[in-house]
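Trainee: One structure coming up, written as C-alpha cells, with questions to follow.
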Amino acid sequence: MVFTFNPWLTVFRHKEAPLYGNMAAALYANGIWNNFPDSDNTSWEKYEAVYGRHIMRNYSRKPLYFASDQFRNISISGLYNESYIDNVKNDGSGWFDYGPDYDLRNLDIKLKDVGGIPADFSQKKCLLFKAREAARREIQINASAGSIILYHAADLNPADEKLFNDNFRDKYKDPLYGIPVVKYTVAYADGSTEIFTVNFGYHISKWLIDSRDKAAVFSKYVYDSRTFLSFKSEKAKQERYKDDVIIYQYEWPNKRCNSEVKSISIEAQGSDIGYALLGITIRGVK
C-alpha cells in the first residue's frame, strides 16, 4: 500500500483553505476511511491517529544497515540553558515564556523510552534557542554511533504566526522540505564532518497545538520524524482538553559509523521558529 502525505494538512497550509475535503482525501487515499464520519468527533479521532501512524515513518533513516538495537543516552547537561518549566509568563525566561499554563510541567519525568528508544527528561531542562537567535553550542560524544536520535520541539509564537503565514511564500519560498531551524554538524575523530538540518514542517512542527481544532491536530504529523510524545499542558489538563503538547523524536542515520563521533554542534539558523533540544540518544553499531 502507498501511504499518501497531504501537504495541505501541514503547519504551512492548514489554515489557508477549508480542510474537510483535504482531510477526507488524505484518509481515503490511505485506505483508512471510505464512509462518512460520525456526527461527533469519534471517527476523526480514530482515522487521524491511523493516518499519523502511516505518515510518521522517518523516511530519511531507512534503512539503517550498520546500526544495532543497542542504545545509549547522551548527557546534554553541558548544553542546558533553560528550564522546561515556566512559572512566569513574559519574564524573558522559561520554556518559550508562555507561563505555567503552557510548558512541559506535565511531562512524565519517569518516562524511560519513547517508541522503544531510551529517553531521559528527568533534569527538567533543555537547550533552547529563541526565534531569530543566532547561537551555536557543542557537545562531546566520543563514541561510535549507528544513528543519532533527537528529542526536540519547535515553537512558532502566536504573536508571530499571522506575519509568518502572510510572508511565508515571499520570505521562505515555500520550501519543499521545510524551513531549516537548526543545523547539526557531526564531527568525527578522523577530522571529517557531516551536516544535517532540522526543518520546520518536515522533521518537526509546533510543540503546542489547539487540540480542539481538527486541522491543527492533523498538522502535527510531519513527513520525516520517527514519532512523537504527546501530553497535556496545564491549561489542557484543567479544561479537560485532549493532548496539546508535542515533543518530536527524529533519527538521523550515521552513514560513516566506521569512524567515532567526536562531537556534535547545534547552530540556530535565525528563522522565525524557536527550537528546544531535550535529549540525545545514540544507536550502537553492529
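Start counting at 1 in the sequence shown, then tack on 1, and there's your number in our numbering. Built from N, CA and C at the ideal position, the CB exists for glycine as well.
As an exercise, report each continuous beta strand (DSSP E) stretch of at least 3 residues that is fully enclosed by the region 123-172, in chain order.
Mentor: As far as the region 123-172 is concerned, its whole beta strand (DSSP E) runs of at least 3 residues are 126-130, 137-144 and 148-156.
Trainee: So which of V51, Q124, F169 and D98 has the shortest CA-CA distance to I110?
Mentor: Checked all of V51, Q124, F169 and D98; the closest Cα to I110 is Q124.
Trainee: Using the Cβ count rule (16 or more neighbours within 10 Å means buried), how would you classify D191?
Mentor: Exposed: under 16 other Cβ atoms inside 10 Å.
Trainee: So, for F165: in the same chain, excluding its five sequence neighbours on each side, which residues have a beta-carbon less than 8 Å away from its beta-carbon?
Mentor: So the qualifying residues of the chain are L157 and D273.
Trainee: Go through its chain and collect everything with a Cβ distance to F37's Cβ below 8 Å, but skip five positions before and after it.
Mentor: Bear in mind that a pLDDT of 49 at F37, under 50, signals an unreliable position, so the model cannot answer this.
Trainee: Beta-carbon separation of I86 and D70 under 8 Å?
Mentor: Cβ distance not < 8 Å, so I86 and D70 don't count as in contact.
Trainee: Are the CB atoms of R227 and G116 within a distance shorter than 8 Å?
Mentor: Contact: yes.
Trainee: Would you tell me roughly how many angstroms separate the C-alpha atoms of G179 and N200, rounded to the nearest one?
Mentor: Roughly 5 Å between the two C-alpha positions.
Trainee: Tell me, which residues are paired with Q250 by DSSP?
Mentor: Its beta-bridge partners are Y152 and T228.
Trainee: Between the alpha carbons of G202 and A136, how many angstroms are there, rounded?
Mentor: Answer to the nearest angstrom: the Cα atoms are 21 Å apart.
Trainee: How would you label S234, buried or exposed, when you count the other beta carbons within 10 angstroms and need 16 or more for buried?
Mentor: With 16 or more other Cβ atoms within 10 Å, it is buried.
Trainee: Please report the straight-line C-alpha distance between E134 and L80, rounded to a whole angstrom.
Mentor: Cα-Cα distance, rounded: 16 Å.
Trainee: Measuring CA to CA, which of N259, C258 and C127 is closest to N82?
Mentor: Among N259, C258 and C127, the Cα nearest to that of N82 is on C127.
Trainee: What's the C-alpha gap between K63 and N91?
Mentor: Straight-line Cα distance between these residues: approximately 41 Å.
Trainee: Return the chain-ordered list of same chain residues with a C-beta closer than 8 Å to the C-beta of K47, the five sequence neighbours on each side being excluded.
Mentor: Excluding sequence neighbours, K47 sits near nothing in its chain.
Trainee: Tell whether a beta-carbon distance below 8 Å holds between I196 and I150.
Mentor: No, the pair does not count as a contact, with Cβ atoms beyond the cut-off.
Trainee: Three-state secondary structure (DSSP) at S260?
Mentor: In this structure, S260 counts as coil in the three-state DSSP scheme.
Trainee: Could you pull out every residue in the same chain whose Cβ sits closer than 6 Å to the Cβ of A217, ignoring the five residues on either side in sequence?
Mentor: Once the five neighbours on either side are set aside, the close Cβ partners of A217 are I210 and D211.
Trainee: Excluding five sequence neighbours on each side, which residues of the same chain lie with their C-beta closer than 6 Å to the C-beta of T194?
Mentor: Excluding residues within five positions, the ones whose Cβ falls inside 6 Å are T186 and A188.
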